[in-house]
Amino acid sequence: MKKKKKKQSLNNKINLIRAIVMGANDGILSIAGIVIGVASAGSSAHAIFLAGIAGILAGTVSMAMGEYVSVSSERDMQREAIVNEQDALDNHYQREFNFIRDKYVKTGISQALATQATKEMLKSDQLFVAVRERYGFNMHEKTSAIAAAIASMISFPTGSLLPLAAITLLPAHARVIGTFVAVLIALAITGYAAAILSDADRLKATWRNILAGILTMLVTYIVGLIFGH
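If you want the working numbering, it's the position in the sequence shown, counting the first as 1, plus 3.
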């Protein structure tokens, strides 16, 4: 039981850290797009700074509320799935048993072994196993919607500070290219960190994040040039 609780706690922490990393990544990318677009239009440092601050405030509220609604909706669907599965186990146990057994048979396990494995699994924690096999989530892992919202509320503006500081503090002749380089370095770091947390291909995830940043900043830069002239 203690091991299970520790594992749940670790998974929750990983999910929270992932939300923090992605929130910071969104903050870097969103505000970089805004300030570079405004800068390329020939705006003053004051106008660029105000646009960045407005973007940070709007993005922070949007990210926090979006994270809260997303996690809450997911939790609601999971609760409904658990209720439905409990009802299915109470009234159609053999059907659920067959579903789990057949799922393992499809992986190449013999029917006899799959039947025995299903019996053993359903003895230990019937509802947990049935929910996991039919719906694909761990009913003992619960991510807090409030914690996820707070994580985004902190991480988004934190990430936003980098492009805002770069575009504001660098000399006028170097602020766009300097911000561009600083943002790409930061996106490489967040992309790599997200890949570690998601157990994904680190090189591929890092380059994907960098390319997304390049595309975003190029588009806003070109738009700013067009409207600036």
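C-beta: ideal position from N, C-alpha, C; glycine also.
How many Å lie between Ser-113 and Ala-189 at the Cα? 50 angstroms
For Ala-117, does the count of other Cβ atoms within 10 angstroms reach 16, so buried, or fall short, so exposed? buried
DSSP state of Ser-158 mapped onto helix, strand, coil: helix
Pop quiz: Thr-121 and Phe-100 are said to be a contact at Cβ under 8 angstroms. What is the actual Cβ separation, rounded to whole angstroms? 6 angstroms
Let me know the secondary structure DSSP gives Gly-62 once reduced to three states. helix
So, under 8 angstroms CB-CB, Thr-193 and Val-24 are touching, yes? Tell me the CB distance rounded to an integer number of Å. 6 angstroms
How would you call Gly-111, buried or exposed, if buried means at least 16 neighbouring beta carbons within 10 angstroms? exposed
For Asn-141, the three-state DSSP class (helix, strand or coil): coil
What's the gap between the Cα of Ala-151 and the Cα of Gly-30? 15 angstroms
How far does the alpha helix (DSSP H) with Lys-106 in it extend, from its first residue to its last? 96-108
Within the same chain, show all residues whose beta-carbon is closer than 7 angstroms to that of Ser-75, passing over the 5 residues directly before and after it, in chain order. Ala-148
Here's a check: name, in chain order, each residue in its chain whose Cβ is nearer than 6 angstroms to the Cβ of Ile-51, leaving out the five neighbours to either side. Val-38, Val-41, Ala-42, Ile-170
If we count the other Cβ atoms within 10 Å of its Cβ and call it buried at 16 or more, is Phe-230 buried or exposed? exposed
Enumerate in chain order the residues of its own chain whose CB-to-CB distance from Gln-81 is below 8 angstroms, with the five nearest sequence positions on each side excluded. Tyr-138, Phe-140, Met-142
Report buried or exposed for Asn-18, applying the criterion of at least 16 other Cβ atoms within 10 angstroms of its Cβ. buried
Could you check what DSSP says for Ile-112 in three-state terms: helix, strand or coil? coil
Leu-165 versus Ala-185 - alpha carbon distance: 8 angstroms
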